[in-house]
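Student: Our numbering puts the first sequence at residues 3 to 822.
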Amino acid sequence: MKYPFKEIESKWLKYWEDNQVFKTDFSNIDKKLYVLVMFLYPSGAKLHIGHWYNYGPTDSWARFKKLQGYNVFEPMGYDAFGLPAENYAIKTGIHPYDSTMKNIQDIRVQLKKMGCMYDWNTELMTCVPEYYKWNQWIFLQMYKKGLAYRKFAPVNWCPDCQTVLANEQVIDGECERCGTQVIQKNLYQWFFKITDYAEELLQGLEKINWPEKTKVMQRNWIGKSEGAEVVFKVENSDEIIKVFTTRPDTLFGVTYVVLAPEHPLVDKITKNEYKKAVDDYRDSIKTLTEIERTSTVKEKTGVFTGAFAINPVNNEKVPVWIADYVLITYGTGCVMAVPAHDERDFEFAKKFNLPIKKVILKDGTNEDDELNSAFTEIGTMINSGIFNGLRSDVGIQKVIDYLEENGIGSRKINYRLRDWLISRQRYWGTPIPIIHCPHCGEVPVDEKDLPVELPYDVDFKPGGESPLARNEKFINVKCPKCGDDAKRDPDTMDTFVDSSWYYLRYLNPKFSDGPFDVELANKWTPVDMYVGGAEHATMHLLYARFFHKFLRDIGLVNSDEPFQTLVHQGTITNQGAKMSKSKGNVVNPDDFIDKYGTDVFRMYLMFMGPYDQGGDWSDKGISGVDRFVNRTYDLFKHYEGKLKNVKAIDKYDLNLLNEDEKRVYRKVNQTLKKFNEEIENFRFNTAVASLMELLNELRVFENCNDEIKSYVLTRFAFMLASVAPHLGEECWQLLGNDKSIYLETPKFIIDEKALIEENVNIAVQVNGKLRATISVPIDSEQDFVKSIIEKDEKVMKFVYDKIIVKEIFVKNKIYNIVVK
RNA sequence: GCGAGAAUGGCGGAAUUGGUAGACGCGCUAGACUUAGGAUCUAGUACCGAAAGGUGUCGGGGUUCGAGUCCCCGUUCUCGCACCA
Numbered sequence: 003m004k005y006p007f008k009e010i011e012s013k014w015l016k017y018w019e020d021n022q023v024f025k026t027d028f029s030n031i032d033k034k035l036y037v038l039v040m041f042l043y044p045s046g047a048k049l050h051i052g053h054w055y056n057y058g059p060t061d062s063w064a065r066f067k068k069l070q071g072y073n074v075f076e077p078m079g080y081d082a083f084g085l086p087a088e089n090y091a092i093k094t095g096i097h098p099y100d101s102t103m104k105n106i107q108d109i110r111v112q113l114k115k116m117g118c119m120y121d122w123n124t125e126l127m128t129c130v131p132e133y134y135k136w137n138q139w140i141f142l143q144m145y146k147k148g149l150a151y152r153k154f155a156p157v158n159w160c161p162d163c164q165t166v167l168a169n170e171q172v173i174d175g176e177c178e179r180c181g182t183q184v185i186q187k188n189l190y191q192w193f194f195k196i197t198d199y200a201e202e203l204l205q206g207l208e209k210i211n212w213p214e215k216t217k218v219m220q221r222n223w224i225g226k227s228e229g230a231e232v233v234f235k236v237e238n239s240d241e242i243i244k245v246f247t248t249r250p251d252t253l254f255g256v257t258y259v260v261l262a263p264e265h266p267l268v269d270k271i272t273k274n275e276y277k278k279a280v281d282d283y284r285d286s287i288k289t290l291t292e293i294e295r296t297s298t299v300k301e302k303t304g305v306f307t308g309a310f311a312i313n314p315v316n317n318e319k320v321p322v323w324i325a326d327y328v329l330i331t332y333g334t335g336c337v338m339a340v341p342a343h344d345e346r347d348f349e350f351a352k353k354f355n356l357p358i359k360k361v362i363l364k365d366g367t368n369e370d371d372e373l374n375s376a377f378t379e380i381g382t383m384i385n386s387g388i389f390n391g392l393r394s395d396v397g398i399q400k401v402i403d404y405l406e407e408n409g410i411g412s413r414k415i416n417y418r419l420r421d422w423l424i425s426r427q428r429y430w431g432t433p434i435p436i437i438h439c440p441h442c443g444e445v446p447v448d449e450k451d452l453p454v455e456l457p458y459d460v461d462f463k464p465g466g467e468s469p470l471a472r473n474e475k476f477i478n479v480k481c482p483k484c485g486d487d488a489k490r491d492p493d494t495m496d497t498f499v500d501s502s503w504y505y506l507r508y509l510n511p512k513f514s515d516g517p518f519d520v521e522l523a524n525k526w527t528p529v530d531m532y533v534g535g536a537e538h539a540t541m542h543l544l545y546a547r548f549f550h551k552f553l554r555d556i557g558l559v560n561s562d563e564p565f566q567t568l569v570h571q572g573t574i575t576n577q578g579a580k581m582s583k584s585k586g587n588v589v590n591p592d593d594f595i596d597k598y599g600t601d602v603f604r605m606y607l608m609f610m611g612p613y614d615q616g617g618d619w620s621d622k623g624i625s626g627v628d629r630f631v632n633r634t635y636d637l638f639k640h641y642e643g644k645l646k647n648v649k650a651i652d653k654y655d656l657n658l659l660n661e662d663e664k665r666v667y668r669k670v671n672q673t674l675k676k677f678n679e680e681i682e683n684f685r686f687n688t689a690v691a692s693l694m695e696l697l698n699e700l701r702v703f704e705n706c707n708d709e710i711k712s713y714v715l716t717r718f719a720f721m722l723a724s725v726a727p728h729l730g731e732e733c734w735q736l737l738g739n740d741k742s743i744y745l746e747t748p749k750f751i752i753d754e755k756a757l758i759e760e761n762v763n764i765a766v767q768v769n770g771k772l773r774a775t776i777s778v779p780i781d782s783e784q785d786f787v788k789s790i791i792e793k794d795e796k797v798m799k800f801v802y803d804k805i806i807v808k809e810i811f812v813k814n815k816i817y818n819i820v821v822k
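What follows is the structure, encoded as structure tokens:
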């Protein structure tokens with residue numbers, strides 16, 4: 003009989019819902035386990051294969067844990083603010099709120115069909131005042147501590163999305179979302195001072211169980227580098243140039259100094275006769291795009307300013323240049339150039355005929371040898387006054403000490419990490435709770451006046467300024483301080499603010515005395531298992547860590563990190579490309595659900611290959627999983643009601659079983675062990691394969707007594723319940739159980755004795771080549787094995803006329819005869 | 001350019017500390033049952049060969065009794081970073 007998945011799936015969905023099977027008991031924290039998948043953006047495209055691939059297997063892991071006795075909390079919600087809804091509104095006129103709510107309704111239906119054990123009582127969405135009010139509250143807490151601030155700064159502007167972007171959202175100079183060339187604009191923008199946490203964000207990586215790749219990406223993104231800041235005086239001027247260097251040991255080799263073209267000092271120090279050239283150069287830079295400007299393949303350009311700087315360690319006079327390879331945004335925006343020992347400086351010096359002065363001697367070379375490229379490794383210091391003869395790695399510290407003693411520089415640590423730009427000139431987001439008063443300046447909205455509600459009635463068409471600025475009712479307000487006319491801040495927050503703390507809100511999304519229930523948060527966070535895409539490595543996953551640390555510092559959470567263990571699912575592509583509407587290669591999961599049912603689809607996704615690798619989509623193999631499910635159902639259906647009164651015991655004496663009973667008894671115990679290990683480590687493909695092997699082994703089932711049948715089938719159903727939850731429940735019921743396996747969870751102990759086989763196959767090799775495999779009792783000794791081999795024609799014919807040099811015997815594995 | 005990872009049958013992929021390469025599944029071949037088969041069941045299936053046997057884990061070297069696994073060189077692909085001083 004064909005497995006009637008439609009009836010059975012809806013039957014169990016209803017059962018789970020009616021009986022609140024997956025409602026979490028938050029009071030019991032003995033074996034608490036917070037399993038979280040990244041919440042989803044409710045777009046009109048609904049759920050695609052990628053969502054299923056993320057949620058299905060993760061849910062199976064959660065169910066597996068639940069069946070092991072853990073008190074599992076697995077929530078689901080919606081990351082509901084954001085640009086796509088607004089862009090959709092601009093195109094169609096449908097209000098973002100309306101389309102988002104509609105999408106959530108549709109998606110919720112799809113999600114429920116997946117049959118995940120989500121606790122629907124804790125479902126949340128970020129676009130409602132009950133949620134975003136607390137974004138504003140957290141913003142104000144940061145503001146109080148000086149961690150939220152506004153400044154005029156060059157920012158990334160996407161002309162198409164009409165908004166600024168964080169550095170992380172600019173990929174190869176293009177907008178992450180729409181691919182438009184990003185331009186630089188100077189604007190007043192709000193920032194979160196994530197840089198205050200740079201060191202802790204770096205250190206914290208040591209304590210969390212994350213993929214090494216992701217940690218490396220965060221480390222690089224934070225980009226810590228240690229060195230010194232050195233002060234150069236400008237000749238005939240009161241101005242000074244501060245440079246940051248990681249190589250103070252090369253300080254004596256400075257032959258010129260370079261400022262970023264945008265550096266404010268440039269105007270002050272440029273000599274009159276060079277003004278025109280400098281201005282022309284700066285203009286030429288402006289027309290370059292960000293990609294062209296930062297491309298490493300592009301030849302470096304620059305001009306001389308006419309000014310000279312004085313090297314503080316040897317009083318040498320060196321020219322001051324400006325060049326596009328120096329970035330205003332990093333360090334001090336000025337560098338000391340040591341062409342002999344820095345590749346970029348070398349290239350620049352060669353091009354403009356600037357002097358190259360060797361101060362680190364490569365071992366085994368002479369001072370007078372010509373340099374063909376910069377020598378950047380460790381060597382012996384030369385031409386460096388009192389430091390001559392020192393190894394350069396030691397010299398770094400000595401030079402810094404010298405700089406500090408003489409007041410011309412100091413030890414300094416720089417980070418590449420920039421503050422997080424959070425304001426967006428868009429409508430569909432959290433309003434920033436600040437009022438701008440002509441008299442009082444920036445005035446934070448009083449906490450009791452939160453939320454600053456996002457008005458529904460807004461002309462959200464883009465126009466270079468925030469849509470909220472055009473809403474008179476919203477924007478005009480009295481200053482809370484002086485009562486005079488003032489204006490609200492017209493910007494909204496980056497949606498990464500929403501996702502930086504949602505895992506805390508899930509514990510009780512209706513909580514109204516604060517952003518989240520602190521008592522619950524202290525008991526239930528950090529999240530034990532977090533699963534989501536690797537594309538969030540330097541954005542969401544860094545921001546959330548920053549938020550968590552801040553919330554800890556204001557006493558709201560008691561842990562240092564939000565996500566203890568992190569797993570990335572791989573990406574499912576189609577014909578080698580990422581699925582997307584525009585490419586027209588999106589595979590609709592619903593077609594498969596209709597044809598095979600949700601369990602088969604889920605199990606197929608798990609069976610396809612290693613979870614962290616993803617892969618190219620193909621439905622070729624789904625029939626294999628479908629067959630497995632049908633055969634399994636047939637088997638259980640065959641025994642419906644027949645084993646109800648059979649009580650199997652926990653362990654059987656192998657000696658009392660017939661050969662077939664032994665076989666299935668062993669196999670089910672081996673499978674239980676294998677299955678546990680594989681699921682535990684997110685190796686779903688091999689876990690499913692082990693169940694298939696088990697089913698194949700049950701061909702001899704008819705020759706087994708009822709107790710063994712019951713013993714095997716209860717365990718089989720138990721394993722099925724993780725990977726094919728509806729089928730598992732049904733099979734469990736067919737065995738005569740009245741209640742859900744999740745309500746009355748059995749405990750199965752693996753019989754270690756059954757894991758061991760009576761006989762093992764030994765590979766017999768001659769000179770490493772396989773000549774036979776023989777079956778011997780387990781743990782047979784060499785002499786015994788040898789006596790069998792000696793009678794084996796197939797082996798001996800390779801041995802007779804030769805001299806045996808050596809015999810290697812590995813118990814239960816191989817017997818290798820080496821002959822000459 | 002730098003860094004990390006990967007490469008196994010026709011296909012997706014298995015393989016413990018170096019110890020029988022190809023588990024499991026798809027596909028394919030043959031057979032059974034059928035009015036029928038894109039259902040189901042049974043058997044087979046790395047390659048060459050009639051067999052004996054030989055050859056096989058991207059290519060080339062090496063270590064070892066024994067290498068998919070360890071070491072060196074190279075190719076291709078994927079991902080990340082890309083003037084960060």
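Think of the CB as a built atom: it goes at the ideal place given N, C-alpha and C, for glycine as much as any other residue.
Compute the distance between the beta-carbons of His728 and Asp601, then report whether it is under 8 Å.
Tutor: Locating residue 728 in the first sequence gives position 726, counting from the first residue. Locating residue 601 in the first sequence gives position 599, counting from the first residue. A contact, by the Cβ cut-off of 8 Å.
Student: Considering only residues of the same chain and omitting the five flanking positions on each side of Met383, which have a CB-CB separation below 7 Å?
Tutor: Here residue 383 refers to the residue found at position 381 of the first sequence. Asp251, Val361, Ile362, Phe389, Asn390, Gly391, Leu392, Ser394 and Gly397.
Student: Considering only C-alpha positions, which residue in the set Val714, Lys450, Asp461 and Asp491 is nearest to Ile434?
Tutor: As a first step, residue 434 must be located in the first sequence, where it is residue number 432. With respect to the C-alpha of Ile434, the residue from Val714, Lys450, Asp461 and Asp491 having the closest C-alpha is Asp491.
Student: Along the chain, where does the beta strand (DSSP E) containing Ile242 start, and where does it finish?
Tutor: Here residue 242 is taken as the residue at index 240 of the first sequence, counted from 1. Ile242 -> beta strand (DSSP E) spans Ile242 to Thr247.
Student: Could you check the C-alpha separation between Pro748 and Asp61 for me, to the nearest Å?
Tutor: Here residue 748 is taken as the residue at index 746 of the first sequence, counted from 1. Here residue 61 is taken as the residue at index 59 of the first sequence, counted from 1. Computed Cα separation, rounded: 19 Å.
Student: What span of residues does the alpha helix (DSSP H) with Cys733 cover, start to end?
Tutor: In the first sequence, counting from the first residue as 1, residue 733 sits at position 731. Looking at the DSSP string, the run of the alpha helix (DSSP H) that includes Cys733 is Pro727 to Leu736.
Student: Is the CB-CB distance between Trp422 and Ile173 below 8 Å?
Tutor: As a working mapping, residue 422 is identified with position 420 in the first sequence. As a working mapping, residue 173 is identified with position 171 in the first sequence. For Trp422 and Ile173, no; Cβs fall outside 8 Å.
Student: Is Thr688 helix, strand or coil when you go by DSSP?
Tutor: Translated into the one-based positions of the first sequence, residue 688 becomes position 686. Here Thr688 sits in helix by DSSP.
Student: Does the Cβ of Thr527 have 16 or more other Cβ atoms within 10 Å, making it buried, or fewer, making it exposed?
Tutor: The residue given as residue 527 occupies position 525 in the first sequence. When all chains shown are included, Thr527 counts as buried.
Student: Assign Tyr641 to one of two classes, buried (16 or more other C-beta atoms within 10 Å of its C-beta) or exposed (fewer than that).
Tutor: On the first sequence, residue 641 is found 639 positions in, with the first residue counted as 1. Result: buried.
Student: List the endpoints of the continuous beta strand (DSSP E) containing Gly84.
Tutor: Residue 84 sits at position 82 when you count from the first residue of the first sequence. Neither: Gly84 is in no beta strand (DSSP E) and is coded neither H nor E.
Student: How would you call Ile751, buried or exposed, if buried means at least 16 neighbouring beta carbons within 10 angstroms?
Tutor: Indexing the first sequence from 1 puts residue 751 at position 749. That one is exposed.
Student: Along the chain, which unbroken stretches of the alpha helix (DSSP H) at least 4 residues long are found entirely within the segment 287–351?
Tutor: 292–296
Student: Going by the DSSP bridge assignment, what does Met219 pair with across the sheet?
Tutor: Residue numbering aside, residue 219 sits at position 217 when the first sequence is read from its first letter. DSSP lists no beta-bridge partner residue for Met219.
Student: Would you kindly report the start and end of the unbroken alpha helix (DSSP H) that includes Gln186?
Tutor: Numbered from its first residue, the first sequence carries residue 186 at position 184. Per DSSP, Gln186 belongs to no alpha helix (DSSP H); it is in the beta strand (DSSP E), Ile185 to Phe194.
Student: Do the CB positions of His542 and Pro564 come within less than 8 Å of each other?
Tutor: Within the first sequence, the letter at position 540 stands for residue 542. Within the first sequence, the letter at position 562 stands for residue 564. For His542 and Pro564, no; Cβs fall outside 8 Å.
Student: Could you pull out every residue in the same chain whose Cβ sits closer than 8 Å to the Cβ of Glu444, ignoring the five residues on either side in sequence?
Tutor: Position 442 of the first sequence, counting from 1, holds the residue named residue 444. Contacts found: Arg152, Ile436, Ile437 and His438.
Student: Start and end of the alpha helix (DSSP H) containing Trp159?
Tutor: Residue mapping note: residue 159 aligns to position 157 of the first sequence, counting from 1. Taken as a continuous stretch (DSSP letters only), Trp159 belongs to no alpha helix (DSSP H), being part of the beta strand (DSSP E) at Ala150 to Cys160.
Student: Rank Ala87, Ser375 and Val111 by C-alpha distance to the C-alpha of Ser12 and give the top, closest one.
Tutor: Residue numbering aside, residue 12 sits at position 10 when the first sequence is read from its first letter. Closest option to Ser12, Cα to Cα, is Val111.
Student: Looking at the structure shown, is Tyr817 part of a helix, part of a strand, or coil, going by DSSP?
Tutor: In the first sequence, residue 817 corresponds to position 815, counting from 1. DSSP places Tyr817 in strand when its eight states are reduced to three.
Student: Nearest CA to the CA of Trp14: which residue from Lys799, Ser742, Asp803 and Asn763?
Tutor: Position 12 of the first sequence holds residue 14. Selected option, being the one with the closest Cα: Ser742.
Student: Do you know how far the Cα of Val340 is from the Cα of Leu373?
Tutor: For the purposes of this step, residue 373 is identified with residue 371 of the first sequence, where counting begins at 1. For the purposes of this step, residue 340 is identified with residue 338 of the first sequence, where counting begins at 1. Rounded to the nearest angstrom, the two C-alpha atoms are 13 Å apart.
Student: Give the DSSP-derived three-state secondary structure of Gln22 in the structure shown.
Tutor: Counting from one through the first sequence, the residue named residue 22 turns up at place 20. Residue state, collapsed to three classes: coil.
Student: Which residues in the same chain have their Cβ closer than 6 Å to the Cβ of Gly52, if we skip the five residues on either side of it in sequence?
Tutor: Stepping through the first sequence from its first residue, residue 52 is reached at position 50. Once the five neighbours on either side are set aside, the close Cβ partners of Gly52 are Ile574.
Student: Determine the closest residue to Arg428 out of Asp371, Glu455 and Asp496, with distance taken between C-alpha atoms.
Tutor: Position 426 of the first sequence, counted from the first residue, corresponds to residue 428. Closest by alpha carbon: Asp496.
Student: Using the rule of at least 16 other Cβ atoms within 10 Å of the residue's Cβ for burial, across every protein chain shown, is Pro511 buried or exposed?
Tutor: Here residue 511 refers to the residue found at position 509 of the first sequence. Buried is the call here.
Student: Would you call the segment 659–673 in contact with the segment 30–50, where contact means no fewer than 3 C-beta pairs closer than 8 Å?
Tutor: no
Student: Determine the direct distance from the alpha carbon of Glu809 to that of Gln784, and round the result to whole angstroms.
Tutor: The residue labelled residue 784 in the question sits at position 782 within the first sequence. The residue labelled residue 809 in the question sits at position 807 within the first sequence. Whole-angstrom Cα-Cα distance: 10 Å.
Student: Is it the case that the segment 336–352 contacts the segment 272–282, given that we only count it when at least three CB pairs across the two stretches are under 8 Å?
Tutor: no
Student: Run through the DSSP bridge pairs and tell me what Met495 is partnered with.
Tutor: As a position in the first sequence, residue 495 is number 493, starting the count at 1. Answer is Ser425, bridged to Met495.
Student: Hey, quick one: how far does the beta strand (DSSP E) through Gln767 stretch, first residue to last?
Tutor: Counting from one through the first sequence, the residue named residue 767 turns up at place 765. From DSSP, the beta strand (DSSP E) with Gln767 extends over Asn761 to Val768.
Student: Kindly indicate which residue of Phe498, Ala87 and Asp344 has the alpha-carbon position closest to the one of Thr247.
Tutor: Walking along the first sequence from the start, residue 247 turns up at place 245. Proximity to Thr247 across Phe498, Ala87 and Asp344 peaks at Asp344, based on C-alpha coordinates.
Student: Decide if the segment 182–194 is in contact with the segment 143–160; the criterion is three or more beta carbon pairs, one per stretch, under 8 Å apart.
Tutor: yes
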